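Trainee: The numbering used here puts the sequence shown at residues 118 to 231. Here you go, one structure.
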Amino acid sequence: MKILDSSEDGTVGDLVVAELLDFTGTCLGSITVASGGILKMRGVCVGLITVQRGGILHLIGVAYAGVMNEGGVLEVRGVVRGEIVRRDGYTIVHPDAILLPADPITACGRSSAT
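Printed below as a string of structure tokens:
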């Protein structure tokens, strides 16, 4: 695991997972599950979660900015606010998962407010 930014209160910024990680905290940035990485996400991620080719994500927690599968394995049992994008790989969305539309204020860094 490589933490690109962290703070003293236990929250982390951008996170790159290249090994086995059971994550139960709060990530204020983005998460990338690299090739060979396995992430069991029980916490909250405010940024985009990306699963690269050869990576595995078990999402049990909350993804506020959506999830992108670029060739890995994505299993969603938790909450996703935003899109689940599958460019390649395997994506499984269980019936108990909660899928919410993206927040128009924070989606893609754009504001719909005038």
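We treat Cβ as the ideally placed atom computed from N, Cα and C, and that holds for glycine. Note that the coordinates shown come from a computational prediction; the quantities given were computed from them, not determined experimentally.
Is it buried or exposed for tyrosine 181, if we count other Cβ within 10 angstroms and need 16 for buried?
Mentor: As a working note, residue 181 is residue 64 in the sequence shown. Label assigned to tyrosine 181: buried.
Trainee: Within a Cβ cutoff of 6 Å, which residues of the same chain sit near isoleucine 166, ignoring the five residues on either side of it in sequence?
Mentor: As a first step, residue 166 is located in the sequence shown; it is residue number 49 there, counting from the start. Same-chain partners within the cutoff: Ile148, Ala180 and Val184.
Trainee: Taking the alpha carbon of valine 197 as the reference point, which residue from Val161, Leu217 and Val210 has its own alpha carbon closest?
Mentor: Residue mapping note: residue 197 aligns to position 80 of the sequence shown, counting from 1. For the residues Val161, Leu217 and Val210, the minimum Cα distance to valine 197 belongs to Leu217.
Trainee: For glutamate 136, which three-state DSSP category applies?
Mentor: Residue numbering aside, residue 136 sits at position 19 when the sequence shown is read from its first letter. The answer is coil: DSSP assigns glutamate 136 none of H, G, I, E or B.
Trainee: Measuring CA to CA, which of Asp205, Gly154 and Gly195 is closest to cysteine 162?
Mentor: As a working mapping, residue 162 is identified with position 45 in the sequence shown. That would be Gly195, whose Cα lies nearest to the Cα of cysteine 162.
Trainee: Who pairs with leucine 191 in a beta bridge, going by DSSP?
Mentor: Stepping through the sequence shown from its first residue, residue 191 is reached at position 74. According to DSSP, leucine 191 bridges with Leu174 and Thr208.
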